[in-house]
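Engineer:
Chains as they are written, first to last, in my numbering: chain A, 16 to 582; chain B, 16 to 582.
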């Protein structure tokens, strides 16, 4: 019943609204004048090798973008002045721009989700709130694609019993990315609509109201932002480069690809925590402002702290170990980690999310390695089983092979890896650390030999690990430490930690670490400490490598690197 | 079978261990010499009003502590030189200090948890790893209390078939807080052991080995640290003051009370996330290093960021709203929040954990208020149903009334609260903010009238809220904003946000905010933004107030305030 009443019911014109109907319309015009448009003709530029696209095509594209922008501006002005169209229009209460949503009334109207618009709903008159993804006017008809997150549906406004000529014009002029409330009849279509996720139905629009109007010139086009790299190069169609994306992250995050990436990432966190909670781990919260640089002093950000200075934690390492010494037995934490590294690579961020684990063990640190690898396997399985839509959505833009893993997880020792690399022609010392290219090469060799994208490299040389790493009991040149790899890139670094204050002191001195600065840490081990091990996982890397993406900025919502602090 | 082999099997003496048997024992002596003992005679001092304890009692207590510490040192020396006792001792393989756990061997021995030592296990010979909580030698017997997290059990080493005189002496001399592996027969006791959580059984020890030895002088005594305030004052028994606790947090966290507090807090996070995930919320990760102070510029920490400077986020506010503009619809995040406030109160921290929610709504922000209150109610119910042991453990030291809440949650409007306060004799203006004492008084009035410890205060005066708060649609002096309270203290602040770039600009100018600095934020609303609302919850406050504690430092593992940066 209420659904029949339309906007007039929610916003009775007699009501003295502070931001009322007319005022709103005028305000919108002011808004258009007040804010200078962005210089967006370069907003969509080719990604990667610019030579792939001819200059001519680029020019053509710029011209088209300019033309489209002008048209959009004109349309927006028409929408914002639509008040004048109402005279003599039989459908005048069925469309418009209502006043800003200020919680004026509670309305008992159900909004149906776009993904639920299926053939079973045919014949039902329903309300939907969605964005205008595209619109195309054609004579007395206007075709809209309505988008909601990863899903979209076609809608049709056609002159007839329910829509006037003015209403169709109004609909056609709503700017892309505006949010609208649409009431429409769900109708089966004869031919599948290939360009939409809801392929079997379309909405025949009876009413359409603008909830929030987008400025006419978008800094990037969503169609461009989801185009696979390379595709469309020949026709001069654009993709969007990374800086344009990140400068306009709020729009870039609306693409089906971004929606899928970050919904899957949310799943990684959930699977991580659920698996560990089921294993009896306790979640802890560790401080990020610390009095001494946790890992030696290099690459640390300094914070002004009242009359003194402090640092941003490079890892929760010391704190999670203190929790083990404080009898929490098995702990995990999820939180930001800060590294003041001036590295501008595809896989370094100055702030990332650490998934950290620390665990007391009974006899051997492999108990911990097994707990961690099992957790990773549970994550991989959970993603595979619960996020198939998201994986396929990302694959459309960034094709990659499905992620492969073994059960139990493959564990190689460092000397074996060195032997494999040497056999492949690499020259390196037995106790030398792996370079990034050698890590990648090793990943390919392991994939060839064992058919897995995930493995553990165990027993690293002691010399290349932090001072708190437990030495191997037999060969003091090696250590009880390990890294884990996904598609040939490191995602976790971990070790058995030294739980004995005396040995820890010796090792810190060996590394020339100022004992005074790590006093609280070493003191934690003086009053009984269980043997323990752990590791830290980079969330953005896990998401990136699971999906086979190539830049960690794609899996950080608002990435931070030496050159980027905004948005 | 393997369980029968003892330590000799794990650490065959013939094996050339770098930190081998003998070396380890000698090293331990060196360790005792190398590290100066802490000046701990003042480690345990009375809490609160020192006049409650007479000077005489204090002196007596100091003297006793000194005496106990000297005895402990002597004992520890005896344990560390226990090698010499072995000669002629039939039980010499059944006790000792094995070499440091370095993952020498994988041992197939099951360790049973202390909480699982019940009467049903009587007659079984089991291994347990636990701390020496207390020990008391008495003739040919030594009674140990073995503690594991919140649980403890009595163990008995008695001269006889399985233990020699030397073995009993060895056990009696193990320092408190050392970690031991004990093999013992579970035996029913005739009289309940009131001082232990496992009251029906004790362990008759057959073997005992020290896994990790604690230094003999503890900076605080765990018995003192769990003593209820006030109790024992007459007898001159000590409690531990807050600074001593926090300076030695690793030991303070071992108390049953701390174990219970932080296990329950882990539950708060889990319940928060699980409830929201079930409601379709997506977890997001927001940056903590930001280029402009998010809430105006006061109370913000500055970070050196390569050649420029940046700030620590005072809330994820702007980013979670950007996620709403980016179509994530309903989001939450859990992460650190930084406030450079020079407030040294019981409820302020400079770094705390924010549980943040932001949600697009259909018609009215009360949809969001209901989502949040329902989430809080799910948390309260979850804690009540799943953490009763923890609640009761904390109540032993800090008694409080059970936390009360209503369904549906009580929602009062600001004017009603002002009326209640005025009726109770408070003089205040209608649009004046609530002072802390008035908040507390209001909490008491609400409890009396409605019998609830949790309620929402809605429709705050616009003037006392941040610039991005949506004004009320009818009365522009009020706003669509709310706080939530537990036991009379604020735990959440939230509002409908302005989703219109123009109004947002006006309100920012009204608050004298530099538009240039919040450009990225305002720009987020230019391309279509759904109406939305949200709120931020302080985790430490929720834990504190749910448990009826009185200082937020009790519910922050490693609290940060203007005067504390360590540990």
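Where is the CB? At the ideal position from N, CA and C, for every residue including glycine.
Identify which residue in 404(B), 432(B), 490(B) has its Cα closest to the Cα of residue 562(B).
Structural biologist: When each option's Cα is compared against that of residue 562(B), the closest is 404(B).
Engineer: In chain A, what lies closer than 9 Å to residue 381(B) by C-beta?
Structural biologist: Result: 118, 121.
Engineer: From this set, 426(B), 280(B), 299(B), which residue's C-alpha is nearest residue 343(A)'s C-alpha?
Structural biologist: Comparing Cα positions, the closest option is 280(B).
Engineer: Using beta carbons (cut-off 8 Å, strictly below), is residue 568(B) in contact with chain A?
Structural biologist: Chain A, which has no Cβ nearer than 8 Å to the Cβ of residue 568(B), makes this no.
Engineer: Using the Cβ count rule (16 or more neighbours within 10 Å means buried), how would you classify residue 422(B)?
Structural biologist: It is exposed - the Cβ of residue 422(B) has fewer than 16 other Cβ atoms within 10 Å.
Engineer: Under 8 Å between C-beta atoms, does residue 575(A) make it to chain B?
Structural biologist: Chain B contact via Cβ: present.
Engineer: Which same chain residues, not among the five before or five after residue 486(B), have their C-beta less than 6 Å away from its C-beta?
Structural biologist: Cβ neighbours of residue 486(B) beyond the five flanking positions: 477, 494.
Engineer: Report, in whole angstroms, the separation of the C-beta atoms of residue 361(A) and residue 557(A), which I expect to be a contact under 8 Å.
Structural biologist: The Cβ separation is near 15 Å, so there is no contact.
Engineer: Could you tell me which of 226(B), 341(B), 370(B) sits nearest to residue 552(B), measuring between CA atoms?
Structural biologist: The option with the nearest alpha carbon to residue 552(B) is 370(B).
Engineer: Just to confirm my understanding: we take residue 48(B), look at its own chain, exclude 5 residues before and 5 after, and list those with CB closer than 8 Å. What are they?
Structural biologist: Low local confidence applies: a pLDDT of 29 at residue 48(B) is under 50, so the model's placement there is unreliable, with the coordinate-based value given in what follows. Cβ within range, chain order: n/a, list empty.
Engineer: Apart from the five residues just before and just after residue 489(A), which ones in its own chain have a Cβ nearer than 7 Å to its Cβ?
Structural biologist: If we look at residue 489(A) and ignore the five residues flanking it on each side, it has no Cβ neighbours.
Engineer: Using the beta-carbon of each residue, which ones in chain B are nearer than 8 Å to residue 228(A)?
Structural biologist: The contacting residues are 543.
Engineer: Give the straight-line distance between the Cα atoms of residue 252(A) and residue 89(A), rounded to the nearest whole angstrom.
Structural biologist: Roughly 24 Å between the two C-alpha positions.
Engineer: Within 10 Å of its beta-carbon, does residue 20(A) have 16 or more other beta-carbons around it, so buried, or fewer, so exposed?
Structural biologist: Residue placement at residue 20(A) is poorly supported in this model, since its pLDDT is 37, which falls under 50; the coordinates are not used for a value here.
Engineer: On the DSSP bridge list, what partners appear for residue 493(B)?
Structural biologist: Partner(s): 476(B).
Engineer: Check this for me: beta carbons of residue 183(A) and residue 202(A), under 8 Å apart or not?
Structural biologist: No, these two residues do not count as a Cβ contact at 8 Å.
Engineer: Taking the CB atoms as reference points, tell me whether residue 439(B) and residue 460(B) lie closer together than 8 Å.
Structural biologist: Yes, these two residues count as a Cβ contact at 8 Å.
Engineer: What are the residues of the stretch 324 to 341 of chain B that lie near chain A, defined by any Cβ-Cβ distance shorter than 8 Å?
Structural biologist: Those residues of the stretch 324 to 341 of chain B that come within reach of chain A (Cβ to Cβ, closer than 8 Å) are 325, 327, 334, 337, 338, 340, 341.
Engineer: Residue 41(A) to residue 170(A), Cα distance in whole Å?
Structural biologist: With a pLDDT of 33 at residue 41(A), under the threshold of 50, the modelled position of this residue cannot be trusted; read the value that follows with caution. Going by the C-alpha atoms only, they are around 29 Å apart.
Engineer: Answer with yes or no whether the minimum CB distance from residue 115(B) to chain E is below 8 Å.
Structural biologist: Note that chain E does not occur in the displayed structure, where the protein chains are A and B.
Engineer: For a contact meaning CB atoms closer than 8 Å, what does residue 495(A) contact in chain B?
Structural biologist: Result: 117, 118.
Engineer: Mind pulling the chain B residues with CB within less than 8 Å of residue 605(A)?
Structural biologist: In the structure displayed, chain A extends from 16 to 582; residue 605(A) sits before or after that span and is not available.
Engineer: What is the DSSP secondary structure of residue 121(A), reduced to helix, strand or coil?
Structural biologist: Residue 121(A) falls in the coil class under three-state DSSP.
Engineer: What are the partner residues of residue 75(A), as DSSP defines its beta bridges?
Structural biologist: Answer by DSSP bridge pairing: none, since residue 75(A) is not bridged.
Engineer: Can you grab the Cα-Cα spacing for the pair residue 293(B) / residue 345(B), in whole Å?
Structural biologist: Distance between the alpha carbons of residue 293(B) and residue 345(B) is about 11 Å.
Engineer: Okay, do the stretch 317 to 329 of chain B and the stretch 131 to 140 of chain A touch, 3+ Cβ pairs below 8 Å being the bar?
Structural biologist: Because the criterion of three Cβ pairs below 8 Å is not met, the stretch 317 to 329 of chain B and the stretch 131 to 140 of chain A do not touch.
Engineer: Enumerate in chain order the residues of its own chain whose CB-to-CB distance from residue 397(B) is below 7 Å, with the five nearest sequence positions on each side excluded.
Structural biologist: Cβ within range, chain order: 282, 286.
Engineer: Taking only beta-carbon atoms, is residue 559(B) less than 8 Å away from chain A?
Structural biologist: With 8 Å as the cut-off, residue 559(B) does not count as an interface residue toward chain A.
Engineer: Give the straight-line distance between the Cα atoms of residue 136(B) and residue 181(B), rounded to the nearest whole angstrom.
Structural biologist: So the two alpha carbons sit approximately 29 Å from each other.
Engineer: In the DSSP assignment, the alpha helix (DSSP H) including residue 157(A) goes from what residue to what residue?
Structural biologist: Careful: residue 157(A) lies outside any alpha helix (DSSP H), inside the beta strand (DSSP E) at 156 to 163.
Engineer: Can you find a C-beta in chain A that's less than 8 Å from the C-beta of residue 52(B)?
Structural biologist: The predicted model places residue 52(B) with a pLDDT of 30, which falls under 50 and marks its position as unreliable; any figure quoted below should be read in that light. False, the Cβ-Cβ gap to chain A never drops below 8 Å.
Engineer: Skipping 5 residues on each side, what residues in its chain have a beta carbon closer than 7 Å to that of residue 15(B)?
Structural biologist: A question about residue 15(B) goes unanswered here, because the residues of chain B that appear run from 16 up to 582.
Engineer: What are the boundary residues of the beta strand (DSSP E) that residue 317(A) is part of?
Structural biologist: Note, residue 317(A): beta strand (DSSP E), 317 to 320.
Engineer: Residue 225(A) and residue 189(A) look like a contact to me (Cβ under 8 Å); what is the Cβ gap, rounded to whole Å?
Structural biologist: With 8 Å as the limit, residue 225(A) and residue 189(A) qualify as a contact, their Cβ atoms being about 6 Å apart.
Engineer: Would you say residue 195(B) touches the ligand MG, meaning its beta carbon is less than 7 Å from a heavy atom?
Structural biologist: The ligand MG is absent from the structure shown, which contains no ligand whatsoever.
Engineer: Would you list the one or two residues that DSSP bridges to residue 348(A)?
Structural biologist: Beta-bridge pairing links residue 348(A) to 371(A).
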